[in-house]
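If you count by mature numbering (1 follows the signal peptide of the UniProt record, and there is no 0), then the sequence shown holds residues -22 to -1, 1 to 155, one letter each, in order. All C-beta atoms in this analysis are idealised placements derived from N, C-alpha and C, irrespective of residue type, glycine included. Take a look at the structure below.
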Amino acid sequence: MKLIKGAFALAVLLTTSLTAVAAEQKTPVQNFSFKDIDGASHQFSEYKGKWVIVNYWATYCGPCIAELPVLNSVAKRFKDKVVILGMEAGETPTEELKQFVEQKKIAYPVIPTQDSTMFALGLLYGVPTTFVVNPKGEIEGTHMGAVSSAMLQNYLRADNKATASKDKDTHCTSDVC
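Okay, structure coming up:
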């Protein structure tokens, strides 16, 4: 009986170790093409070497609209280290989307709905969904729901490249953001 318990404990330990190793492996993003709101063509590989925050959203989505100031702030403050791509997933007509972008003063590239972008980074179960891609082109994390400045900055801080005390958010009240 002790032998069976020992074998079971060893199996659980090995399974846990293998799961931890698998969790550490990051999914590389396959290159894909897309057109921005102005019709200019891009390749996702153009952004290698920078953090890329890919935010799937829609103009009719309340939480998506609520997170726009956070994304604008990060886009402006970390412009040398981070690229934010706003992947509109609501099939809003381009002219209407341009008006929305101007009205909301979105300070990062907005990409209209396209077949090439919809599942380029993974499955979408709803909007907003945000994928954080590290400078090596690997998915560091995925978040469904509105993102916060602190959440995005935690990825950047983990890299120890993009943070400095002067980069703190003006509306952040803790040492975490």
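Distances from the alpha-carbon of residue 49 to those of 115, 112, 114, 106 put 106 closest.
Setting aside the 5 residues that flank it on each side, residue 99 is surrounded in the same chain by 7, 32, 109, 117, each with a C-beta closer than 7 Å to its C-beta; the list follows chain order. Residue 103 counts as exposed, since fewer than 16 other C-beta atoms from the protein chains shown sit within 10 angstroms of its C-beta. In this structure, the CA atom of residue 81 is about 25 Å from the CA atom of residue 122.
Annotation for residue 51: the continuous alpha helix (DSSP H) segment containing it runs 46 to 55. Under the 8 Å Cβ criterion, the region 88 to 98 does not count as touching the region 54 to 62, having fewer than three qualifying pairs. The DSSP assignment places 40 to 44, 46 to 55, 72 to 82, 93 to 96 as complete runs of the alpha helix (DSSP H) inside the region 30 to 117, in order along the chain (cut-off: 4 residues).
Taking the C-beta atoms as reference points, residue 12 is found nearer than 7 Å to residue 20. Between the C-alpha atoms of residue 95 and residue 22 there is a straight-line separation of about 10 Å.
Residue 126 carries a coil assignment under DSSP once its states are collapsed to helix, strand and coil. The bridge partners DSSP lists for residue 119 are 110. Contact annotation: residue 75 and residue 69 have beta-carbon atoms that are not nearer than 7 Å. Inclusion of residue 30 and residue 79 in the CB contact set at 7 Å is not warranted, their separation being larger than that value.
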